[in-house]
Amino acid sequence: MTPCSQCGSPPERRLDPQAGRMVYACPGCRHRAEVTTCEVAATASWELINDPDMDRHTCKAAMLPRYFETGGKWGARCRGCGHEVEGFGSLQGARAGWARSMR
Ligand SMILES: [Zn+2]
Ligand SMILES: [Zn+2]
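For the sequence shown, our numbering assigns the number 33 to the initial residue and increments by one for each residue that follows.
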């Protein structure tokens, strides 16, 4: 799998067997994908948040975005300079919002 875009660590799969849910997350910096109910979706979500082809921020740090979720809303942030977009209803929305924020 793609390593974490923020720190380069391989992801760890976390399972909640009772709820039947799983998520891939970075053990190094806690970059976390969406919580899903199947392996395929969990893997796809991890690939999305660590997509090496995603637009890097245009600041000096040129970081790939770090995604986060709060209260069901998704956002993306540059750890180099603090540039942030948030309030999206989905991870896909946050990806599009990130790309738009640099045009
Ligand atoms: Zn990481
Ligand atoms: Zn930046």
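Each residue gets a CB set at the ideal place from its N, CA and C atoms; glycine is no exception. Just so we're clear, the structure is a prediction, and the values are computed from it rather than from any experiment.
Residue Leu123 holds the alpha-carbon nearest to the alpha-carbon of Leu80 among Ala131, Ala57 and Leu123. Exclusion of Gly129 from the 8 angstroms shell around ligand 2 follows from its C-beta lying no nearer than that to any non-hydrogen atom of the ligand. In this structure, the alpha-carbon of Arg46 lies about 10 angstroms from that of Ala74. Here the alpha carbons of Arg53 and Ala126 stand approximately 22 angstroms from one another.
The way I'd put it, the region 81-99 does touch the region 51-71; three or more beta-carbon pairs between them come closer than 8 angstroms. Remark: the C-beta of Arg62 is in contact range of ligand 1, defined as less than 8 angstroms to any heavy atom. Between the alpha carbons of Arg98 and Gly40 lies a distance of about 13 angstroms. Counting C-beta atoms within 10 angstroms of its own C-beta, Val72 has fewer than 16 neighbours from the protein chains shown and is therefore classed as exposed. In terms of side-chain proximity, the C-beta atom of Cys113 is found nearer than 8 angstroms to a non-hydrogen atom of ligand 2. For Gly119, the enclosing beta strand (DSSP E) stretches over residues Glu116 to Phe120.
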